[in-house]
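Chains A and B, in that order, give the protein sequences. Per UniProt numbering, the first sequence starts with residue 1, numbered consecutively. Per UniProt numbering, the second sequence starts with residue 1, numbered consecutively. Idealized CB from N, CA, C, for every residue including glycine. Nothing here was measured: the structure is a model prediction, and the numbers come from that model. Reading through the structure tokens given below for one structure.
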Amino acid sequence: MAGSTLASPSAEPVVVAAKTSAAVSPGRETWRRFRRHRLAMASSVVLALLVLGVVIGPWLWPIAINEIDFSAQLQTPSWAHPFGTDDLGQDILARMIYGGRISLAVGLAAMVVATFVGVVVGAVAGMSRRYADSFLMWVTDLFLSLPQLPLLLLVIYLFREQLKAAFGVEGGVFVLIVIVIGGLRWMPVARLVRAQFMSLREKEFVEAARAQGATRFRQMVHHILPNALGPVIVAATIEVSSAIIAESTLSFLGLGFPPDIPTWGRLLFDAKDHLDSAPHWALFPGAAIFLTVLSINFIGDGLRDALDPRRVI
Amino acid sequence: MTTPPILSVSNLTTSFRVEGLWKPVVRNVSFDIAPKETLAVVGESGSGKSVTALSIMRLTPSGNSRIEGSIKLSGQELLTLPDADMRKIRGNDIAMIFQEPMTSLNPVLTIGFQIAEALILHRNLSRSAAEAETIRLLEKVRIPAAKSRFHEYPHRFSGGMRQRVMIAMALACKPKLLIADEPTTALDVTIQAQILELIKLLQEEEGMSVLFITHDMGVVAEIADRTVVMYNGEAVETGATEDIFARAHHPYTRSLLSAVPKLGSMTGRRRPMRFPVVDRLTGESDVPTETPDTVEASERPVIEVSNLTTRFEIRSGLLGKVQGRVHAVENVSFSVQAGETLALVGESGCGKSTTGRSVMRLIEPLAGSVLLDGVDVLKLNQHDLREQRKRMQMIFQDPFASLNPRMNVGAAIAEPLLINKLATRSEARDKVAELLRRVGLQPDMASRFPHEFSGGQRQRICIARALAVEPRLIVADESVSALDVSVKAQVINLMLELQARMKLAYLFISHDMAVVERVSHRVAVMYLGEIVEIGPREAIFGNPQHPYTKRLLAAVPIADPTRRHEKNPVSNDEIKSPVRAADYIPPIRQYREVSPGHAVMIWGEEWEKPAVQGIAA
Numbered sequence: 001m002a003g004s005t006l007a008s009p010s011a012e013p014v015v016v017a018a019k020t021s022a023a024v025s026p027g028r029e030t031w032r033r034f035r036r037h038r039l040a041m042a043s044s045v046v047l048a049l050l051v052l053g054v055v056i057g058p059w060l061w062p063i064a065i066n067e068i069d070f071s072a073q074l075q076t077p078s079w080a081h082p083f084g085t086d087d088l089g090q091d092i093l094a095r096m097i098y099g100g101r102i103s104l105a106v107g108l109a110a111m112v113v114a115t116f117v118g119v120v121v122g123a124v125a126g127m128s129r130r131y132a133d134s135f136l137m138w139v140t141d142l143f144l145s146l147p148q149l150p151l152l153l154l155v156i157y158l159f160r161e162q163l164k165a166a167f168g169v170e171g172g173v174f175v176l177i178v179i180v181i182g183g184l185r186w187m188p189v190a191r192l193v194r195a196q197f198m199s200l201r202e203k204e205f206v207e208a209a210r211a212q213g214a215t216r217f218r219q220m221v222h223h224i225l226p227n228a229l230g231p232v233i234v235a236a237t238i239e240v241s242s243a244i245i246a247e248s249t250l251s252f253l254g255l256g257f258p259p260d261i262p263t264w265g266r267l268l269f270d271a272k273d274h275l276d277s278a279p280h281w282a283l284f285p286g287a288a289i290f291l292t293v294l295s296i297n298f299i300g301d302g303l304r305d306a307l308d309p310r311r312v313i
Numbered sequence: 001m002t003t004p005p006i007l008s009v010s011n012l013t014t015s016f017r018v019e020g021l022w023k024p025v026v027r028n029v030s031f032d033i034a035p036k037e038t039l040a041v042v043g044e045s046g047s048g049k050s051v052t053a054l055s056i057m058r059l060t061p062s063g064n065s066r067i068e069g070s071i072k073l074s075g076q077e078l079l080t081l082p083d084a085d086m087r088k089i090r091g092n093d094i095a096m097i098f099q100e101p102m103t104s105l106n107p108v109l110t111i112g113f114q115i116a117e118a119l120i121l122h123r124n125l126s127r128s129a130a131e132a133e134t135i136r137l138l139e140k141v142r143i144p145a146a147k148s149r150f151h152e153y154p155h156r157f158s159g160g161m162r163q164r165v166m167i168a169m170a171l172a173c174k175p176k177l178l179i180a181d182e183p184t185t186a187l188d189v190t191i192q193a194q195i196l197e198l199i200k201l202l203q204e205e206e207g208m209s210v211l212f213i214t215h216d217m218g219v220v221a222e223i224a225d226r227t228v229v230m231y232n233g234e235a236v237e238t239g240a241t242e243d244i245f246a247r248a249h250h251p252y253t254r255s256l257l258s259a260v261p262k263l264g265s266m267t268g269r270r271r272p273m274r275f276p277v278v279d280r281l282t283g284e285s286d287v288p289t290e291t292p293d294t295v296e297a298s299e300r301p302v303i304e305v306s307n308l309t310t311r312f313e314i315r316s317g318l319l320g321k322v323q324g325r326v327h328a329v330e331n332v333s334f335s336v337q338a339g340e341t342l343a344l345v346g347e348s349g350c351g352k353s354t355t356g357r358s359v360m361r362l363i364e365p366l367a368g369s370v371l372l373d374g375v376d377v378l379k380l381n382q383h384d385l386r387e388q389r390k391r392m393q394m395i396f397q398d399p400f401a402s403l404n405p406r407m408n409v410g411a412a413i414a415e416p417l418l419i420n421k422l423a424t425r426s427e428a429r430d431k432v433a434e435l436l437r438r439v440g441l442q443p444d445m446a447s448r449f450p451h452e453f454s455g456g457q458r459q460r461i462c463i464a465r466a467l468a469v470e471p472r473l474i475v476a477d478e479s480v481s482a483l484d485v486s487v488k489a490q491v492i493n494l495m496l497e498l499q500a501r502m503k504l505a506y507l508f509i510s511h512d513m514a515v516v517e518r519v520s521h522r523v524a525v526m527y528l529g530e531i532v533e534i535g536p537r538e539a540i541f542g543n544p545q546h547p548y549t550k551r552l553l554a555a556v557p558i559a560d561p562t563r564r565h566e567k568n569p570v571s572n573d574e575i576k577s578p579v580r581a582a583d584y585i586p587p588i589r590q591y592r593e594v595s596p597g598h599a600v601m602i603w604g605e606e607w608e609k610p611a612v613q614g615i616a617a
């Protein structure tokens with residue numbers, strides 16, 4: 001192979017000449033492309049501020065979440081209570097800071113669980129040409145058709161006590177809720193991934209990899225999965241919002257966190273009886289959920305574009 | 001010209017808005033089309049030929065495009081016409097047929113309904129009159145049993161038949177001008193010959209003018225009275241077709257013509273030959289020589305395929321009962337020596353690609369053996385098979401589809417090395433640079449992504465990737481079919497160079513007889529999954545025996561307008577389907593040796609009926 005002469009050079013011009021630095025690692029290139037997505041960058045800042053706020057907030061705003069003050073019921077925002085107070089005179093900002101930790105953690109963790117399960121199930125089904133596909137899709141349809149609330153009740157009554165013993169009260173409920181929400185929301189992702197895999201596995205570049213001797217695992221991880229990620233990222237960002245809402249539903253039904261833990265969803269539900277007299281009570285947690293979901297959505301968009309080298313940014 | 005032209009285009013400039021700037025795609029193009037004349041607009045992809053046609057129809061996207069100059073149809077200026085009047089011109093005076101007959105018909109409406117609807121709308125016929133007229137039109141485009149096929153849906157028609165339906169639809173309003181935009185590109189050669197014949201015939205009967213857009217010089221030579229050669233949005237040469245082929249002035253035209261493979265140009269030569277390289281600026285050409293003798297005839301063949309059979313089962317019903325089988329490859333045997341090119345030729349559905357994939361074991365064959373340097377590939381387990389794949393590689397038809405869009409080119413070329421653990425990451429980087437140089441690219445292109453390259457460059461990248469593991473055999477599945485002529489010539493030259501240097505054996509799968517004649521040492525002709533004739537290239541092209549080989553050769557357009565009238569009449573047959581009933585037992589075939597190494601299948605009665613029928617019959 002050494003010492004070979006040059007072949008007749010290609011006479012065609014290179015299509016894209018506007019490429020500045022030739023040798024950048026793919027990771028840095030992705031970061032460079034992500035940075036140019038303005039909305040995604042702004043959203044990253046917003047999300048970082050939200051996370052930072054709920055993490056270090058208690059030190060900056062040291063009002064206890066359960067400090068009841070009947071003289072300050074349902075106050076509108078003021079300097080003493082920037083987000084106002086609820087019907088027991090508790091400070092909403094302090095409660096949101098505390099609850100935000102749980103809501104964000106539940107939302108993100110449930111998204112990770114749902115997406116992971118969905119991608120694994122979808123990928124295995126999409127790659128299989130025989131029985132695994134029919135079996136997994138049968139299971140997916142089964143999960144989709146199950147009535148979710150009775151199932152939730154059953155799971156929670158069966159396992160709550162053991163988990164509480166293992167992880168403590170809050171930890172146990174957290175693990176339970178993440179598993180329950182994640183475990184009941186992976187089906188759309190699985191269907192999406194399966195469809196993507198089915199069309200991608202027939203593509204010539206996958207066949208080319210096969211012809212070069214790539215194992216099935218390598219075909220999946222290196223060739224098919226990166227090309228299937230675009231829609232999955234978008235679906236995953238939507239999962240975050242639905243997980244935050246689902247957590248509040250569970251809390252409302254008394255199945256989630258104890259009522260004294262003010263998650264964002266819980267705050268919303270508590271506020272619903274006072275919407276006419278104290279709209280701020282619902283507005284602030286609602287805005288927080290909205291901001292979180294929106295920024296995660298934009299970050300997902302930015303990631304999808306940054307990871308796709310064909311898209312000109 | 002004494003008669004006024006039907007269509008007169010002068011100084012046509014069409015620009016598109018790209019990111020706020022007007023970018024001209026067609027510049028200053030002028031031509032006339034006389035009554036009953038066929039004008040061909042020829043050029044490579046991106047030359048602006050299709051945009052020219054769309055500009056005449058004023059079908060370019062409004063708002064983002066601008067058409068300047070003048071387009072006159074029978075003296076009437078089209079560019080200043082109100083939209084409502086222009087709509088009347090479209091379909092009535094100018095009709096258009098497109099490249100993809102598969103997607104131009106609505107799949108949920110019967111073809112009769114679709115044609116009749118156009119007649120009712122444009123010519124205000126009653127429903128019954130429109131139906132009668134539709135049947136007349138279907139008969140006019142020579143659709144057999146037109147009356148009974150009136151109520152059938154498009155999926156029941158083959159590609160060639162669908163293109164006939166499209167032509168019938170275009171003729172519905174007796175247009176003065178027919179614009180045909182690559183109407184035969186998606187069709188097989190024998191079907192292409194039929195459609196070209198039909199267009200010529202209809203033109204005589206209807207007395208219309210034809211604007212024929214194509215990239216294929218062979219088709220131009222076949223059909224056009226005059227030709228416009230386009231390059232980079234400009235008409236570089238206009239003239240009578242004979243003149244352009246005989247005395248091209250512009251260097252680009254000359255380079256284009258020299259890159260066109262001409263059937264019959266290799267008579268008397270034993271070995272493959274490079275395409276001449278013509279400088280696009282000066283028009284000077286070098287004289288290619290025959291490639292050196294690369295075939296290692298004394299050694300054991302690199303690959304020996306015997307009795308290879310691949311069938312696909314068609315299952316349907318609740319329990320997945322086998323309803324039929326596609327006999328894609330049936331009892332195929334051949335061998336390829338080191339340094340030799342065996343071409344597999346045939347039309348779509350003949351099983352040539354399935355043969356290539358079965359040899360690579362990308363598809364599991366049903367029976368037979370594939371000996372690669374003595375090892376039976378079909379008996380290996382998955383692990384040994386991956387090991388063995390180092391020795392054979394594949395180059396696919398569409399270079400863009402066969403490169404992972406998310407992987408940069410360096411990673412793509414390095415992948416086979418890393419998969420097979422032939423190199424560490426840093427060694428692989430050096431090897432990638434060397435391979436890129438070897439296929440005529442720059443080593444610093446390794447960090448770019450496939451979409452940043454042109455078609456020919458992508459195919460070079462695919463070749464580099466296939467060469468990375470230093471294989472003995474390369475299966476090239478229609479590897480140059482999707483490329484422009486001049487790029488095609490370059491890639492073929494590269495493949496020939498590499499063969500001479502590395503003693504590669506090629507299994508060259510192609511439908512393009514002219515390219516095959518240029519590159520191959522031996523040729524195998526496939527029909528319905530079987531090899532009907534195999535032998536040295538000279539024997540197959542010079543002394544074809546099997547009726548199918550003859551038919552295939554007769555259908556190839558010859559890039560020489562002076563030989564237009566020597567052509568054999570084309571048969572009006574359709575390509576048959578290899579789908580058989582579940583209990584079908586394939587007949588046992590006998591072969592007859594014509595000369596040493598040239599064997600032909602002994603054919604039965606189905607070929608004895610007058611194989612050649614006039615198209616007008």
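The closest CA to that of Ile63 (chain A), considering only A:Glu29, A:Met41, A:Asp91, is found on A:Asp91. In the three-state DSSP reduction, Trp281 (chain A) falls in the helix class (H, G or I).
Gln382 (chain B) counts as exposed, since fewer than 16 other beta carbons sit within 10 angstroms of its beta carbon. Membership of Leu372 (chain B) in the beta strand (DSSP E) is indicated by the continuous run 367-372. Inclusion of Ser43 (chain A) and Ile299 (chain A) in the CB contact set at 8 Å is warranted, their separation being smaller than that value. Non-local beta-carbon contacts of Pro561 (chain B) in its own chain, meaning distances under 6 Å to residues more than five positions away in sequence, involve Ala221, Thr241, Glu242, Phe245 in chain order. Taking all protein chains in view, the Cβ of Ile177 (chain A) is crowded by 16 or more other Cβ atoms within 10 Å, so the residue is classified as buried. In the same chain as Glu330 (chain B), and ignoring 5 residues on each side of it, the C-beta atoms closer than 7 Å to its own belong to Thr309, Gly529, Glu530, Pro586, in chain order. Here Val475 (chain B) really is in contact with Met394 (chain B); their C-beta atoms are around 5 Å apart, less than 8 Å. In this structure, B:Gly75 is the residue among B:Ser47, B:Leu378, B:Gly75 with its C-alpha nearest to the C-alpha of Thr3 (chain B).
Within its own chain, the residues whose Cβ lies closer than 8 Å to the Cβ of His122 (chain B), once the five positions on either side in sequence are excluded, are Gly91, Asn92, Ala172, Cys173, listed in chain order.
Beyond the five residues adjoining it in sequence on each side, Ile71 (chain B) comes within less than 6 Å, by CB distance, of Val9, Ile56, Leu78, Leu79 in the same chain, given in chain order. Taking Glu44 (chain B) as the centre and dropping the five residues before and after it, the same chain places the C-beta of His215, Asp484, Val485, Ser486 closer than 7 Å to its C-beta, in chain order. Assigned with DSSP and collapsed to three states, Thr562 (chain B) falls in helix. Excluding five sequence positions before and after Pro107 (chain B), the CB atoms of its chain that fall closer than 8 Å to its own CB belong to Tyr153, Pro154, His155, given in chain order.
Assigned with DSSP and collapsed to three states, Val18 (chain B) falls in strand. Interface criterion not met: the Cβ of Lys421 (chain B) is under 8 Å from no Cβ in chain A.
Scanning its chain for C-beta atoms nearer than 6 Å, with the 5 sequence neighbours on each side dropped, one finds around Val579 (chain B) the residues Gly324, Val326, in chain order. In this structure, Gly122 (chain A) sits near Arg191 (chain A), with a CB-CB distance shorter than 8 Å. Excluding residues up to 5 positions away in sequence, Gln75, Thr76, Pro77, Ile92, His280 lie with their Cβ nearer than 6 Å to the Cβ of Gly84 (chain A) in the same chain.
Using a CB distance below 8 Å, no part of the stretch 156-169 of chain A faces chain B. Annotation: the continuous beta strand (DSSP E) that includes His598 (chain B) extends over 598-601.
With respect to chain B, the C-beta atom of Pro231 (chain A) has no partner C-beta closer than 8 Å. In this structure, DSSP gives Met208 (chain B) a state outside helix and strand, which the three-state scheme calls coil. Not one beta carbon of chain B lies nearer than 8 Å to the beta carbon of Pro82 (chain A). Non-local C-beta neighbours of Asp32 (chain B) in its own chain, meaning closer than 6 Å and more than five positions away in sequence, comprise Pro5, Ser8, ordered along the chain. Inclusion of His598 (chain B) and Pro547 (chain B) in the CB contact set at 8 Å is not warranted, their separation being larger than that value. Within the stretch 75-163 of chain B, the complete alpha helix (DSSP H) runs of at least 4 residues fall at 83-92, 111-123, 127-140, 146-149. The Cβ atoms of Asp188 (chain B) and His521 (chain B) lie no closer than 8 Å to each other. Scanning chain B for C-beta atoms nearer than 9 Å to the C-beta of Gly183 (chain A) yields nothing, as the closest lies near 30 Å away.
No Cβ of chain A is located within less than 8 Å of the beta carbon of Asn64 (chain B). Interface with chain A (8 Å Cβ-Cβ cutoff): Met217 (chain B) is excluded. Along the stretch 376-399 of chain B, going in chain order, the ones with a CB nearer than 7 Å to a CB of chain A are Arg386, Arg389, Lys390, Gln393, Met394, Phe396, Asp398. Rounded to the nearest angstrom, the Cβ distance from Val439 (chain B) to Ile419 (chain B) is 20 Å, too far for a contact under 8 Å.
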